[in-house]
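Enquirer: Per UniProt numbering, residue 1 is the first one in the sequence shown, and the count goes up by one each step.
Cβ coordinates follow ideal geometry from the N, Cα and C atoms, glycine included.
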Amino acid sequence: MAYYRRVGEVPPKRHTQHRKPDGGLYYEELMGEEGFSSDSSLLYHRNIPSAIVDSSVWELPDVATEPNHPLKPRHLKLHELFDDHEGRDVVTGRRLVLGNADVRISYVVAGAASPLYRNAVGDECVYVESGQATVETVFGALPARAGDYVMLPRATTHRWLPHGEEPLRAYCIEAHSHITPPRRYLSRFGQLLEHAPYCERDLHGPSEPLLSEGADVEVLVKHRGSRGIVGTRFVCPQHPFDVVGWDGCLYPYTFNVEDFEPITGRVHQPPPVHQVFEGENFVICNFVPRKVDYHPLSIPVPYYHSNVDSDEVMFYCGGDYDARKGSGIGQGSVSLHPGGHSHGPQPGAYENSIGAERFDELAVMVDTFRPLELGEGGRAVDDGVYAWSWSGRGPSS
Numbered sequence: 001m002a003y004y005r006r007v008g009e010v011p012p013k014r015h016t017q018h019r020k021p022d023g024g025l026y027y028e029e030l031m032g033e034e035g036f037s038s039d040s041s042l043l044y045h046r047n048i049p050s051a052i053v054d055s056s057v058w059e060l061p062d063v064a065t066e067p068n069h070p071l072k073p074r075h076l077k078l079h080e081l082f083d084d085h086e087g088r089d090v091v092t093g094r095r096l097v098l099g100n101a102d103v104r105i106s107y108v109v110a111g112a113a114s115p116l117y118r119n120a121v122g123d124e125c126v127y128v129e130s131g132q133a134t135v136e137t138v139f140g141a142l143p144a145r146a147g148d149y150v151m152l153p154r155a156t157t158h159r160w161l162p163h164g165e166e167p168l169r170a171y172c173i174e175a176h177s178h179i180t181p182p183r184r185y186l187s188r189f190g191q192l193l194e195h196a197p198y199c200e201r202d203l204h205g206p207s208e209p210l211l212s213e214g215a216d217v218e219v220l221v222k223h224r225g226s227r228g229i230v231g232t233r234f235v236c237p238q239h240p241f242d243v244v245g246w247d248g249c250l251y252p253y254t255f256n257v258e259d260f261e262p263i264t265g266r267v268h269q270p271p272p273v274h275q276v277f278e279g280e281n282f283v284i285c286n287f288v289p290r291k292v293d294y295h296p297l298s299i300p301v302p303y304y305h306s307n308v309d310s311d312e313v314m315f316y317c318g319g320d321y322d323a324r325k326g327s328g329i330g331q332g333s334v335s336l337h338p339g340g341h342s343h344g345p346q347p348g349a350y351e352n353s354i355g356a357e358r359f360d361e362l363a364v365m366v367d368t369f370r371p372l373e374l375g376e377g378g379r380a381v382d383d384g385v386y387a388w389s390w391s392g393r394g395p396s397s
């Protein structure tokens with residue numbers, strides 16, 4: 001995120017001496033993307049950030065996927081994945097729903113504090129469906145609430161601390177790349193432009209350093225291996241939350257979906273107007289409550305369309321989604337509309353939407369440009385009948 005912030009104590013000049021009160025040196029760490037050629041931040045540690053005293057295998061949860069073959073659209077009921085939230089955390093409790101070589105989508109209902117965690121594969125965008133948490137990071141703490149996207153740059157050490165009476169429901173989008181605002185909404189120097197549906201004022205980063213004490217502290221690291229994604233358990237001699245100050249353009253932040261300003265028109269607008277972020281070979285969109293098309297002959301629900309280049313995943317997390325009425329889809333549902341299948345409103349929704357002035361719906365969409373496969377979580381909650389909802393009968397009818 002190319003938007004400069006400065007938090008805590010930093011020296012007047014980068015790569016120069018920054019001394020502790022006792023005269024010793026703080027240790028400067030550059031955290032940067034694309035080698036030394038893109039966004040970065042400089043962090044000043046009390047201790048050597050490279051120090052570890054042990055490294056062992058962390059056995060990841062099931063991350064295997066199976067092809068969506070034979071091809072068909074699917075309805076996945078994520079709220080059926082978990083009976084409760086006791087003893088489960090946002091990091092180790094995730095269940096893989098869908099994935100490919102560019103992005104993985106998981107879901108979790110959590111009530112316990114997570115271990116310290118670092119995703120060295122790619123950025124994470126975690127949508128908080130419900131509940132509250134504090135996300136402690138090496139950059140500082142972030143409060144997270146329902147409707148927040150929590151953006152965590154690759155290799156950011158952090159942990160999730162749920163609080164409050166409501167369980168924390170999290171929809172986790174893990175990239176194999178970086179996740180940024182859409183390029184068409186950015187100036188050539190990285191400022192969000194006037195036609196963007198949100199601006200820098202809507203992004204909330206850490207406001208002060210977070211300093212913790214501890215010895216022989218475990219950090220779980222997800223990283224790339226020769227045969228896919230693997231896990232390692234580091235033990236650090238001192239707590240990694242020892243940064244007294246940092247500055248730069250790379251850091252975690254939150255953005256709440258309520259701050260997204262919908263773009264509308266006289267006739268139905270295409271999905272790119274709902275885009276909020278993008279990664280390599282995928283985009284993230286959100287459909288928020290809004291006024292709809294106002295041409296006198298408009299049809300407010302989406303027209304039928306063929307995803308010739310992409311798979312479309314919609315997570316329904318609020319309101320009432322008019323185009324899907326009668327399909328069984330509701331709160332906590334995910335629809336998968338794969339490339340090669342023409343999809344659109346359920347029977348009757350096309351006609352019934354005429355005259356509507358407003359849609360009260362909330363959904364997070366991920367469009368991928370390579371086929372998605374089903375993870376164990378997705379296979380476990382597939383309703384098995386959604387594919388036939390447009391025709392009213394299935395292969396055994």
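From this set, Phe234, Lys291 and Phe359, which residue's C-alpha is nearest valine 57's C-alpha?
Expert: For valine 57, the nearest C-alpha among the options comes from Phe234.
Enquirer: What span of residues does the alpha helix (DSSP H) with glutamate 351 cover, start to end?
Expert: Note, glutamate 351: alpha helix (DSSP H), 349-352.
Enquirer: Should histidine 75 be labelled buried (16 or more other beta-carbon atoms within 10 Å of its own) or exposed?
Expert: Buried, because 16 or more other Cβ atoms sit within 10 Å of the Cβ of histidine 75.
Enquirer: Would you identify the three-state DSSP class for arginine 88, choosing helix, strand or coil?
Expert: The answer is coil: DSSP assigns arginine 88 none of H, G, I, E or B.
Enquirer: What are the complete beta strand (DSSP E) segments, minimum 3 residues, inside the region 27-68?
Expert: Listed in chain order, they are 27-32, 40-45, 54-57 and 65-67.
Enquirer: Kindly give me the distance between the Cβ atoms of tyrosine 171 and tyrosine 198, rounded to whole angstroms, as I take these residues to be in contact under 8 Å.
Expert: Actually they are not in contact, since the Cβ atoms of tyrosine 171 and tyrosine 198 sit about 19 Å apart, beyond 8 Å.
Enquirer: When you compare the CB positions of histidine 163 and valine 135, do they come within less than 7 Å of one another, or not?
Expert: No, the pair does not count as a contact, with Cβ atoms beyond the cut-off.
Enquirer: Do the CB positions of glutamate 28 and tyrosine 44 come within less than 7 Å of each other?
Expert: Yes, they are a contact pair.
Enquirer: Following the continuous beta strand (DSSP E) through arginine 370, name the residue where it begins and the one where it ends.
Expert: Run containing arginine 370: none; DSSP gives neither H nor E here.
Enquirer: Quickly, what does DSSP pair threonine 254 with across the bridge? List them, please.
Expert: Beta-bridge pairing links threonine 254 to Val150 and His204.
Enquirer: With DSSP collapsed to three states, give me the class of tryptophan 388.
Expert: Looking at tryptophan 388 - three-state DSSP - the assignment turns out to be helix.
Enquirer: Please name the residue in Phe359, Ser391, Val273 and Arg184 whose C-alpha comes closest to that of methionine 365.
Expert: Taking only the C-alpha atoms, the option nearest methionine 365 is Val273.
Enquirer: Alpha carbon to alpha carbon, how far is isoleucine 48 from glycine 318?
Expert: Whole-angstrom Cα-Cα distance: 45 Å.
Enquirer: Using a 10 Å radius around the Cβ and a threshold of 16 neighbouring Cβ atoms, would you call serine 37 buried or exposed?
Expert: So serine 37 ends up on the exposed side.
Enquirer: Using 7 Å as the threshold, is the C-beta distance between threonine 250 and serine 41 below it?
Expert: It should be pointed out that residue 250 corresponds to leucine in this sequence rather than to threonine. Yes, these two residues count as a Cβ contact at 7 Å.
Enquirer: Kindly list the residues whose CB is nearer than 7 Å to the CB of glutamate 208, restricted to its own chain and excluding five residues on each side of it in sequence; keep chain order.
Expert: Closer than 7 Å at Cβ, skipping near neighbours: Val7, Gly8 and Gly140.
Enquirer: If you compare alpha carbons, which of Phe82, Arg188, Pro347 and Asp311 is closest to glycine 392?
Expert: The residue with the shortest Cα to Cα distance from glycine 392 is Pro347.
Enquirer: Going by alpha carbons, who is nearest to glycine 111 out of Tyr321, Tyr386 and Gly131?
Expert: Among Tyr321, Tyr386 and Gly131, the Cα nearest to that of glycine 111 belongs to Gly131.
Enquirer: Could you pull the start and end residues of the alpha helix (DSSP H) that arginine 224 belongs to?
Expert: Here arginine 224 belongs to no alpha helix (DSSP H); instead the beta strand (DSSP E) covers 215-225.
Enquirer: Can you tell me whether aspartate 382 is helix, strand or coil according to DSSP?
Expert: Strand.
Enquirer: Indicate the three-state DSSP secondary structure (helix, strand or coil) for histidine 274 in the structure shown.
Expert: Three-state result, histidine 274: helix.
Enquirer: Can you tell me the Cβ-Cβ gap for phenylalanine 277 and threonine 180, rounded? I've got them flagged as a contact below 8 Å.
Expert: So it is a contact: roughly 7 Å between Cβ atoms.
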